[in-house]
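For the sequence shown, the residue numbers in numbering that gives the first Met the number 0 are 0 to 287.
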Amino acid sequence: MKILVIGGTGIVGTHVVDTAIQRGHEVSWTYFSSDVENISHAHQLDKTDVGAVNHIIKKIKPNAIIDTAALKADACEVNRARAWSVNVQGTRNVAAAADEIDAHYIYISTDYIFAGDSEEAPYTEEHGVNPVNYYGQTKYAGEVAAMLASTWTVLRTSVVYGLAKPNFMTWVVQQLRESKPVGIVDDQVSTPTYAPDLAEACVKIVESATAGIYHATGPESLSRYEFTLRLADVWGFDMTLIDPISTEELGQYALRPSDGSLDSSRLYELMDSEFTPPDAAFSKMALE
Ligand SMILES: NC(=O)c1ccc[n+]([C@@H]2O[C@H](COP(=O)([O-])OP(=O)(O)OC[C@H]3O[C@@H](n4cnc5c(N)ncnc54)[C@H](OP(=O)(O)O)[C@@H]3O)[C@@H](O)[C@H]2O)c1
Numbered sequence: 000m001k002i003l004v005i006g007g008t009g010i011v012g013t014h015v016v017d018t019a020i021q022r023g024h025e026v027s028w029t030y031f032s033s034d035v036e037n038i039s040h041a042h043q044l045d046k047t048d049v050g051a052v053n054h055i056i057k058k059i060k061p062n063a064i065i066d067t068a069a070l071k072a073d074a075c076e077v078n079r080a081r082a083w084s085v086n087v088q089g090t091r092n093v094a095a096a097a098d099e100i101d102a103h104y105i106y107i108s109t110d111y112i113f114a115g116d117s118e119e120a121p122y123t124e125e126h127g128v129n130p131v132n133y134y135g136q137t138k139y140a141g142e143v144a145a146m147l148a149s150t151w152t153v154l155r156t157s158v159v160y161g162l163a164k165p166n167f168m169t170w171v172v173q174q175l176r177e178s179k180p181v182g183i184v185d186d187q188v189s190t191p192t193y194a195p196d197l198a199e200a201c202v203k204i205v206e207s208a209t210a211g212i213y214h215a216t217g218p219e220s221l222s223r224y225e226f227t228l229r230l231a232d233v234w235g236f237d238m239t240l241i242d243p244i245s246t247e248e249l250g251q252y253a254l255r256p257s258d259g260s261l262d263s264s265r266l267y268e269l270m271d272s273e274f275t276p277p278d279a280a281f282s283k284m285a286l287e
């Protein structure tokens, strides 16, 4: 199939592009601000530019579009106008263009659309949304925009980790490798997601033309602090370098859910397999 990945330079998009190529698909992808030179099938695109979105999508005529492009939580808080423009209007542009050519539109959403209440978590697809921050609001509005496409799928994920691009896990590895102490929040719980699993789910959703809303995260609920201890244990780092801190001490711009764990059993049943638990994923990555 012909697949277009919007945001092919992010942690999710990079893995989606690789997986789709490995599974024999004809893949094109876009980047926004990355330095990308002379790579065939790569197109510079700002999804807020409706003319450019329509031009690329009509030219490529993909069977499916996997849209991973968004601003992150703290950036959304700092520049709300740009956040709405990219995460909502930009998503509307891509979903509407997908609709015009009858392409399947796959939108990556987040656990941050939920309040993150430990009494309610883990959240299923049936739970009502209640975003704690502006990013969550824009991502939920993006979900609604995705429904402009005649065939759409929303995959909600959480704390994506892997080796392909910088992310929370690669930062921790770098610090611990250099024997630098790290303070990691122990009051933000989630279901961390191994990027190659999410990428495989995206491509299988395309292949099976599966529509609807699915939670798409790892199977274990744990705090970032526990996640870091487990990583250090598997990779043989000095665990005394890791200290628990509170979200208040960290002082992030955007509020975070205290427990945004998602229940992904609906997707696991569809795929007939679960995503990789963190310990097994750390062991796999140690061999790369
Ligand atoms: N990472 C996580 O832990 C996590 C958790 C929950 C949900 N998600 C969702 O998963 C998706 C992928 O996240 P990610 O972490 O892979 O993101 P990322 O690493 O920040 O990558 C974002 C991608 O979007 C592109 N982009 C940025 N602004 C754009 C614009 N105006 N027009 C078109 N493309 C633009 C970037 O291109 P350049 O790099 O070339 O600028 C990059 O390819 C997002 O929708 C995010 O909300 C991620």
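Quick reminder that beta carbons are idealized off the backbone N, C-alpha and C, glycines included.
Query, Result
"Select from Y133, I107, S263 and D232 the residue whose C-alpha is nearest the C-alpha of Y252.", "Y133"
"Taking the alpha-carbon positions, what's the I241 to V93 distance?", "42 angstroms"
"Beta carbon of I55, beta carbon of V15: below 8 angstroms?", "no"
"Would you kindly work out how many angstroms separate the C-alpha atoms of W290 and D271, rounded to a whole number?", "As displayed, the chain neither begins before 0 nor continues past 287, which places residue 290 out of reach and without an answer."
"Near R229, which residues of its chain fall below 8 angstroms by C-beta distance, leaving aside the five closest residues on each side in sequence?", "L221, P277, D278 and F281"
"From this set, Q173, N78, S39 and H103, which residue's C-alpha is nearest C201's C-alpha?", "H103"
"Should the region 2–16 be called in touch with the region 68–84, which here means at least 3 C-beta pairs below 8 angstroms?", "yes"
"Quick check: what's the CA-CA separation for Y106 versus A148?", "11 angstroms"
"Does DSSP classify D66 as helix, strand or coil?", "strand"
"Give the straight-line distance between the Cα atoms of H237 and D98, rounded to the nearest whole angstrom.", "Note that residue 237 corresponds to Asp in the displayed sequence, not to His. One C-alpha to the other measures close to 52 angstroms."
"Nearest CA to the CA of P180: which residue from G127, I244, H42 and Y30?", "I244"
"Give every residue of the same chain whose Cβ lies closer than 8 angstroms to the Cβ of K164, excluding the five residues on either side of it in the sequence, and list them in chain order.", "T8, G9, I10 and T13"
"Which residue spans inside the region 79–145 form an unbroken beta strand (DSSP E) run of at least 3?", "103–109"
"Is D232 buried or exposed, if buried means 16 or more other CB atoms sit within 10 Å of its CB?", "exposed"
"Going by DSSP, what residue range makes up the alpha helix (DSSP H) through G50?", "V49 to I59"
"Quick check on the burial criterion: 16 or more other C-beta atoms within 10 angstroms. Buried or exposed for R155?", "buried"
"Answer yes if the region 83–93 comes into contact with the region 208–227, meaning at least three C-beta pairs across the two stretches below 8 angstroms, and no otherwise.", "no"
"Can you pull the DSSP bridge partners for A41?", "W28"
"Examine ligand 1 and report whether any of its heavy atoms sits within less than 7 angstroms of the Cβ of D45.", "yes"
"Quick test of your reading: A114 and V87, contact by CB under 8 angstroms. State the CB separation rounded to the nearest angstrom.", "That belief does not hold up - the Cβ atoms of A114 and V87 are roughly 20 angstroms apart, past 8 angstroms."
"Using 8 angstroms as the threshold, is the C-beta distance between T150 and A210 below it?", "yes"
"Can you tell me the Cα-Cα spacing of S260 and Q187, whole angstroms?", "10 angstroms"
"Use the C-beta contact count for Q173: other C-beta atoms within 10 angstroms, 16 or more gives buried, fewer gives exposed.", "exposed"
"Do I212 and V153 have their C-beta atoms within less than 8 angstroms of each other?", "yes"
"Between V11 and ligand 1, is the CB less than 7 angstroms from at least one heavy atom?", "yes"
"Indicate the three-state DSSP secondary structure (helix, strand or coil) for S178 in the structure shown.", "coil"
"Which value, in whole angstroms, describes the spacing of the CA atoms of K283 and Y193?", "11 angstroms"
"Is the Cβ-Cβ distance between D110 and P218 less than 8 angstroms?", "no"
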